[in-house]
Amino acid sequence: MTNPSQKTAVQTTDSLAPARLQQVSRNVTMLPRHWEWLALQSRSASGTLRLLIDDARRDRDGAHRVRESKEKCYQFMRDMAGNRPHFEEAIRALFAANAALFHEKIALWPAAIREEISILSAPVWASVTEAESGS
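Structural data, given as structure tokens:
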């Protein structure tokens, strides 16, 4: 039988210990070609996967930010302008990142709605401008 005071002492000591990197072991299911690619890497499979995940989390090219912006803009447009003329064409232009067509399709919508859409869609158009300028 364990002495309760010892258990408390261990818990207290553990709670005061500095935070450590904790690894969690889980199964990963991938296709054979993925395992083959991992086997060719200079790092271990786990190290390579950690590196890929960290790179994706950094969102260096802003792809996640752009996707999120498109989704938020779509949701706002659906709720506030879903019955407006050219709604579907505007949505298609948004997801195709076609700024000229997008602004043409929303031109007759109320100013307040257009202003909010402009704010929400700004990262989409910024990414198009960066891609066109070669940045």
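If you're matching positions, the sequence shown starts at 4 in the working numbering and goes up one per residue. Built from N, CA and C at the ideal position, the CB exists for glycine as well.
Judging by CA-CA distance, which residue of the options is the nearest neighbour of residue i?
i, options, result
"Glu-71", "Glu-107, Phe-105, Leu-123 and Gly-85", "Leu-123"
"Glu-119", "Leu-97, Met-80 and Gln-44", "Met-80"
"Phe-105", "His-89, Ala-114 and Ala-115", "His-89"
"Ala-103", "Ile-116, Ser-47 and Val-131", "Val-131"
"Ala-114", "Val-127, Pro-126, Asp-58 and Arg-87", "Arg-87"
In this structure, does DSSP put residue i in helix, strand or coil?
i, result
"Arg-70", "helix"
"Asp-50", "Checking the sequence, you will find Gly at residue 50 rather than Asp. Helix, per DSSP."
"Val-131", "helix"
"Thr-40", "The residue asked about is misnamed: residue 40 is Trp in this sequence, not Thr. Three-state result, Trp-40: helix."
"Ser-45", "coil"
"Ser-124", "helix"
Give the straight-line distance between the Cα atoms of residue i and residue j, rounded to the nearest whole angstrom.
i, j, result
"Arg-61", "Arg-53", "12 Å"
"Ala-51", "Gln-44", "Residue identity check: residue 51 is Thr in the sequence provided, not Ala. Approximately 7 Å, taken between the alpha carbons."
"Arg-46", "Leu-55", "12 Å"
"Glu-39", "Thr-32", "13 Å"
"Glu-135", "Val-69", "15 Å"
"Glu-74", "Gln-25", "34 Å"
Hey, could you find the ends of the alpha helix (DSSP H) residue i is sitting in?
i, result
"Leu-97", "90-98"
"Leu-104", "102-109"
Original post:
For the region 82-96 against the region 105-121, are there 3 or more C-beta pairs whose distance is under 8 Å?
Top reply: yes
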